[in-house]
Amino acid sequence: MTELSCEVLVVGAGPTGLMLANWLTRLGVHVLVVDGKDGPTRESRALVVQARSLEIYDQLGIGEEVLDAARRAEALAPGTGARVFGRIPLGALGDGVTPYPFIEVLEQSRNEEILYDNLCKLGGDVIWETPVTAVTQIDDGIQAKVGNHTVHARFCVGCDGTNSAVRRARRIAFEGSTNAHRFYVLDAAAAAGLVADSVNVRPGGRDFLLAFPMSGRDNWRLIGIVRDEDADGSLDEEDVRARLRERFAVTYTGARWFATYRVHHRVAAAFRDGPFFLAGDAGHVHSPVGAQGMNTGLQDAHNLAFKLADVLRGRRRDNWLDRYEAERRPVARTLVATTDRIFQAITSDRRTTRALRTALVRLLAPVAVRTLPRAAGGSRLFQYVSQVRIHYPIGPEANLPNGHRDPVVGRRLPWSGGNFAVLRTADWQIHGYGGVEGTEAPDLGLPVHIFPAAPSTPLQPGLFYLVRPDGFVAARARPAEAEVKFRHALAV
Numbered sequence: 001m002t003e004l005s006c007e008v009l010v011v012g013a014g015p016t017g018l019m020l021a022n023w024l025t026r027l028g029v030h031v032l033v034v035d036g037k038d039g040p041t042r043e044s045r046a047l048v049v050q051a052r053s054l055e056i057y058d059q060l061g062i063g064e065e066v067l068d069a070a071r072r073a074e075a076l077a078p079g080t081g082a083r084v085f086g087r088i089p090l091g092a093l094g095d096g097v098t099p100y101p102f103i104e105v106l107e108q109s110r111n112e113e114i115l116y117d118n119l120c121k122l123g124g125d126v127i128w129e130t131p132v133t134a135v136t137q138i139d140d141g142i143q144a145k146v147g148n149h150t151v152h153a154r155f156c157v158g159c160d161g162t163n164s165a166v167r168r169a170r171r172i173a174f175e176g177s178t179n180a181h182r183f184y185v186l187d188a189a190a191a192a193g194l195v196a197d198s199v200n201v202r203p204g205g206r207d208f209l210l211a212f213p214m215s216g217r218d219n220w221r222l223i224g225i226v227r228d229e230d231a232d233g234s235l236d237e238e239d240v241r242a243r244l245r246e247r248f249a250v251t252y253t254g255a256r257w258f259a260t261y262r263v264h265h266r267v268a269a270a271f272r273d274g275p276f277f278l279a280g281d282a283g284h285v286h287s288p289v290g291a292q293g294m295n296t297g298l299q300d301a302h303n304l305a306f307k308l309a310d311v312l313r314g315r316r317r318d319n320w321l322d323r324y325e326a327e328r329r330p331v332a333r334t335l336v337a338t339t340d341r342i343f344q345a346i347t348s349d350r351r352t353t354r355a356l357r358t359a360l361v362r363l364l365a366p367v368a369v370r371t372l373p374r375a376a377g378g379s380r381l382f383q384y385v386s387q388v389r390i391h392y393p394i395g396p397e398a399n400l401p402n403g404h405r406d407p408v409v410g411r412r413l414p415w416s417g418g419n420f421a422v423l424r425t426a427d428w429q430i431h432g433y434g435g436v437e438g439t440e441a442p443d444l445g446l447p448v449h450i451f452p453a454a455p456s457t458p459l460q461p462g463l464f465y466l467v468r469p470d471g472f473v474a475a476r477a478r479p480a481e482a483e484v485k486f487r488h489a490l491a492v
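Be aware that the sequence shown starts at 1, since it is given in full-length UniProt numbering, and climbs by one per residue.
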């Protein structure tokens, strides 16, 4: 039995675990990553990368590599059955909000390869084929049985999926429900009948089709519902092929991957249990509606990494880690509740609901095609789905007296066109956007960046902003008050 030690044990080397390991290694933390698999997954699995995740990849230094490997979806194409109502360009919805006003489609297998290769370049690695069989809390952290090894660490993060060994070992409830229906997922070759370079969304009576363009000529990911009569898993790929042809006029020549699975809507009762943490599917799982599952896990990792580094390097007390659950669990709960409601509306087989669903799509989809690219509601919808609109209760300034949420504090730093490059240093920093000089900034030992005024954003001239390593704004203040306010924000 080999004895191993590290600062953080990461259980699971999927996208969430690899993202966490990348950031921790980048921040100088000694990480050990273990997984029972023999290497990165070979299946396409999750494949949508939203704008906020692309920003995180860029901050990590692999943004261009991800973009080069991905297939861009530039529009939404709503329809019903075989009918399509047009295209809604995503660029118009996300214009001025993010450097990435689109959806990138990147198979999980390739995503994991990129993250794993970058981890190795940073000096890290994964111990493959070593499942975790036990985890316990000890006086100075955790102890885990990992294959033939005993691992001692200060902290352990379970990134090991819906059947998380870490979550089960800590007896953390996985609260929620399992839907009666199943989904099918199909990677189709040489598909026809779909709007190119677009996310196709088509309800059709008792059925539903969601289609994403994949790398390669006319390759598509097709997602649909397996109805109750097929819920025993008897539905096969030939059945789906016939349904797609008859109900959506979609055809294809071959299937590269086909699977059916049960849809869960669950959130762990806690994201932290002493030195143990949950991230990604270990902490939350929901339907593929909105294509946000993997992205939420990537952002869990991004949020937790700098907090662990702050505590391990003595910059913060242990209670700083409580902020992880306070910030990320509400995001998961909102996402799961929202996707559950949408999923129920999509899958309901009640005759009145089916009729209403079809009528609403036929009424609203043409209107959306005409108006969403120019409407404020279109931008808000993009920000929600792309996850750039997330808000954390970071401090008293994050919530306004009228009950509304502050447009800057508690949110990801608004993009002003050239202010994201400095975030690649992944440190606490001070920003100003017009009306202030660098010499007016408080001397807190933090880098100071002064940018031109950004009138198209909620960033105000004459103020300093304290920006966290994850790109979220922790506080704002006028020069005379900045030292006191920022010291307080750095201490809590």
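Just so you know, even glycine gets a beta-carbon here, dropped at the ideal spot from N, CA and C.
Are the segment 478 to 486 and the segment 441 to 448 touching by the rule of at least three beta carbon pairs closer than 8 Å? Remark: three or more beta-carbon pairs, one from each stretch, lie closer than 8 Å, so the segment 478 to 486 and the segment 441 to 448 are flagged as touching.
What's the gap between the Cα of Q59 and the Cα of P414?
-> If you draw a straight line from the Cα of Q59 to the Cα of P414, it is about 15 Å long.
**Prompt:** Can you give the Cα-Cα distance for G438 and Y100, rounded to whole angstroms?
**Reply:** CA-CA distance, G438 to Y100, rounds to 29 Å.
Do you know how far the Cα of L122 is from the Cα of A368? Between A368 and L122, the C-alpha separation is close to 45 Å.
Tell me which residues share the same chain as V311 and place their Cβ nearer than 8 Å to its Cβ, disregarding the 5 neighbours each side in the sequence. Closer than 8 Å at the Cβ level, and outside the excluded window around V311, lie R317, D318, W320, L321.
Practice item. From the DSSP output, read off the bridge partner residues of V135. Key: Its beta-bridge partners are A144.
Point to revise | Span separating the alpha-carbon of A75 from that of S5 | key: If I take the Cα positions, the gap works out to 48 Å.
Worksheet item: Going along the chain, which residues of its own chain have a beta-carbon closer than 8 Å to the beta-carbon of A269, five neighbours each way excluded?
Response: So the qualifying residues of the chain are I172, A173, F174, E175.
Discussion item. For the beta strand (DSSP E) containing Q429, name the first residue and the last one.
Written reply: According to the DSSP assignment, Q429 belongs to the beta strand (DSSP E) that extends over 429 to 433.
- [ ] Counting only the same chain and skipping the five closest in sequence on each side, list residues whose C-beta sits under 6 Å from that of R389.
- [x] Listed in chain order, the non-local C-beta contacts of R389 below 6 Å within the same chain comprise Q383, local neighbours out to five positions each way being set aside.
### Query
Is the number of C-beta pairs between the segment 211 to 225 and the segment 267 to 282 that are closer than 8 Å three or more?
The segment 211 to 225 and the segment 267 to 282 do not touch, with fewer than 3 CB-CB distances between them shorter than 8 Å.
Going by DSSP, what residues sit across from residue 537 in a beta bridge?
Absent from the model: residue 537. The displayed extent of the chain is 1 to 492, so no value can be given.
query: How would you write the range of the beta strand (DSSP E) that E104 sits in, first residue to last?
result: Counting along the chain, E104 sits inside the beta strand (DSSP E) bounded by residues 103 to 105.
Mind listing, in chain order, the continuous alpha helix (DSSP H) runs of no fewer than 4 residues lying wholly within the segment 355 to 424? Fully enclosed alpha helix (DSSP H) runs of 4 or longer: 376 to 386.
What residues in its chain sit with their C-beta under 8 Å from that of G124, if we drop five residues either side in the sequence?
If we look at G124 and ignore the five residues flanking it on each side, its Cβ neighbours are A21, N22, T25, V31, V33.
### Query
Could you check where the beta strand (DSSP E) with S164 kicks off and where it finishes?
Premise fails: S164 is in no beta strand (DSSP E) and is neither H nor E.
query: On the three-state DSSP scale, how would you describe C6?
result: In the structure shown, C6 sits in a strand (DSSP, three-state: E or B).
(request) To the nearest angstrom, report how far apart I342 and H286 are at their CA atoms. (result) Straight-line Cα distance between these residues: approximately 11 Å.
query: Alpha carbon to alpha carbon, how far is V126 from N200?
result: Looking at the backbone, the Cα of V126 and that of N200 are separated by about 37 Å.
Next item on the list: On the DSSP bridge assignment, give the partners of A73 in chain order.
Entry: Beta-bridge pairing links A73 to I103.
Can you tell me whether DSSP reads D35 as helix, strand or coil? DSSP places D35 in coil when its eight states are reduced to three.
- Where the alpha helix (DSSP H) through Y465 begins and ends: Where Y465 is concerned, there is no enclosing alpha helix (DSSP H), although the beta strand (DSSP E) it sits in stretches over 464 to 467.
key: Test item: CB-CB of W128 and G39 under 7 Å   = Yes, Cβ-Cβ distance for W128 and G39 is below 7 Å.
| query | Since V201 is in the beta strand (DSSP E), which residue starts that stretch and which ends it? | reply | It spans 198 to 204 - the beta strand (DSSP E) in which V201 sits, taken as one unbroken run.
Confirm, please, whether the CB-CB distance from H431 to Y392 is below 7 Å. With contacts defined as CB atoms closer than 7 Å, Y392 and H431 fail to qualify as a contacting pair.
Could you check the C-alpha separation between Q387 and Y433 for me, to the nearest Å? If I take the Cα positions, the gap works out to 24 Å.
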